[in-house]
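The sequence shown begins at 1 in this note's numbering and counts up by one. Every residue gets a Cβ at the ideal spot worked out from N, C-alpha and C, and that includes glycine. Model, not experiment: these values are computed from the prediction. To start, the structure under review is shown below, and the notes come after it.
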Amino acid sequence: MNQKNDNNKPFLESILAIGISTIYMLIAIYFLPILGILFPAAFIVLGIRNGMKYNITSMIISTLLLGLFADKTIGFFILLAFAPISIALNYLIKKRKSSQEIMLYTTIVALISYIITITLLGKITGISFVNQIEEAFSQVLKSQIKLLKDMGLSSYEMYETTDNLKNIYEYMILIIPSTIIMFSMFTAFLNNIISTSILRKMGYGIVSVPRFSYFKLPDNIILGTIVIYVGVFILRALKVTYHETILINVTLLISFFFFLEGLAVIIFYLNKSRLNKVIKGILIIFIIATVPLSAIISIIGFLDIIFDFRRIRRRI
1 MNQKNDNNKP FLESILAIGI STIYMLIAIY FLPILGILFP AAFIVLGIRN GMKYNITSMI
61 ISTLLLGLFA DKTIGFFILL AFAPISIALN YLIKKRKSSQ EIMLYTTIVA LISYIITITL
121 LGKITGISFV NQIEEAFSQV LKSQIKLLKD MGLSSYEMYE TTDNLKNIYE YMILIIPSTI
181 IMFSMFTAFL NNIISTSILR KMGYGIVSVP RFSYFKLPDN IILGTIVIYV GVFILRALKV
241 TYHETILINV TLLISFFFFL EGLAVIIFYL NKSRLNKVIK GILIIFIIAT VPLSAIISII
301 GFLDIIFDFR RIRRRI
């Protein structure tokens, strides 16, 4: 009898994963699309417990159901965007790779998946992703200009505010490449930490849950940064097209990575303090949300690469 239950267990877990993930993704599609990035988590857990084939088969069935309930093409694009991430995380966690390796490889896989999905979607719809973003920003700008007119601002104030808004939107268009890279990293990290946390709670002991407070950039990141900037300035000297866009995106990405390390240092010391967990959470949210602090946090991250404030180099 127990043997029969053991044989049915993977099948029942697959049904559960398909049901939960399909309902979850439908909620994400219709109410808050950003939640959709966690779609692979249940399938990763399923695959590690029962084998890769259960991961892949269950995700295919779930995306077919999504196509049936939502839109016939949406399931295909969800599968294209998330199946490679799910498979990569399943394989890397099962092989007990380090947190750094898992983050690096899954971020690359997520990035490639997103680029292929965006490109293919643009070819099918006939509208590029960038054009869609530009159109959305244009609509928002028109709405804000109308709102400003209703506020009774002077002509000079209208001109100045409109010009500032246009500059912000143009900058946001320019940083789309680096934004996609950061989003890929965010997707990889969240799915990794959620799936491994669930597995640990289920008693799957070989899984190591990544701790953000121990996030560490490679020791040669500073040398790499110098090399990248030298390359960018060579492109500028050669008057290569879009060299300014490349410089903006490179600067944003490097600042973001230093910010992550600086934030990890702060969280590391907050965890060592005797502060209440709620207060710690509020402080972390405040630090992340306060834009002027981002430069200071990035500097802390830069200095941590040199001085190793947390003394974790040997542990990693």
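By Cβ distance, which residues of its chain are closer than 6 Å to residue i, with the 5 residues on each side in sequence left out?
i, result
"G262", "I297, S298, I300, G301"
"P84", "V109, S113"
"T187", "I37, A110"
"M1", "Only weak support exists for where M1 lies, its pLDDT of 49 falling under 50; the value from the coordinates is given anyway. Contacts found: none."
"L12", "none"
Can you tell me whether DSSP reads residue i as helix, strand or coil?
i, result
"D150", "helix"
"D219", "coil"
"K166", "helix"
"T241", "coil"
"T196", "helix"
"L311", "Going by the sequence as given, residue 311 is Arg instead of Leu. Of the three classes helix, strand and coil, the one that applies to R311 here is coil, per DSSP."
"I60", "helix"
"P210", "coil"
"Y204", "coil"
"G301", "helix"
"M1", "With a pLDDT of 49 at M1, under the threshold of 50, the modelled position of that residue is not reliable, and the figure given next carries that caveat. DSSP places M1 in coil when its eight states are reduced to three."
"P40", "coil"
"F31", "coil"
"G262", "helix"
"N276", "coil"
"S255", "helix"
"K94", "helix"
"T73", "coil"
"T225", "helix"
"I175", "coil"
"I127", "coil"
"P292", "coil"
"G51", "coil"
Shorter than 7 Å from the beta carbon of residue i to some beta carbon of chain B?
i, result
"G281", "Of the chains in the structure shown, none is chain B; there is only one protein chain."
So residue i packs on residue j, CB below 8 Å; how close in whole Å?
i, j, result
"K166", "L141", "7 Å"
"M320", "F43", "Residue numbering for the chain in the displayed model covers 1 to 316; residue 320 lies beyond these limits and cannot be assessed."
"I198", "V45", "5 Å"
"S184", "L111", "4 Å"
"E134", "I173", "6 Å"
"Y169", "F137", "4 Å"
"I312", "Y229", "The pair is not a contact, with the Cβ atoms about 27 Å apart (cut-off 8 Å)."
Apart from the five residues just before and just after residue i, which ones in its own chain have a Cβ nearer than 7 Å to its Cβ?
i, result
"A28", "L35, G36"
"L217", "F257, E261, I305"
"S62", "I18, S21, T22"
"L253", "S178, I181"
"N191", "L38, P40, A41, I44, I85, L89"
"F189", "M103"
Just to confirm my understanding: we take residue i, look at its own chain, exclude 5 residues before and 5 after, and list those with CB closer than 8 Å. What are they?
i, result
"I78", "M25, G36, F39, T63, L66"
"L92", "E101, I102, Y105, T106"
"V232", "H243, I246, L247, V250"
"I221", "F257, I305"
"F76", "T63, G67"
"I287", "L263, I266, L293, I297"
"L283", "L270, L275"
"L235", "H243, I246"
"Y204", "I48, R49"
"S273", "K280"
Find out if the Cβ-Cβ distance for the pair residue i, residue j is shorter than 7 Å.
i, j, result
"T117", "A81", "yes"
"T161", "L147", "no"
"A264", "F309", "no"
"N131", "S86", "no"
"S294", "F259", "yes"
"K94", "I48", "yes"
"S99", "P210", "yes"
Exercise. Given 8 Å as the limit, is there contact between the segment 270-287 and the segment 237-257, that is, 3 or more CB pairs closer than that?
Worked result: no
For this session: Count the C-beta pairs between the segment 169-186 and the segment 245-253 that are closer than 8 Å, then say yes if the count reaches three, no if not.
Result: yes
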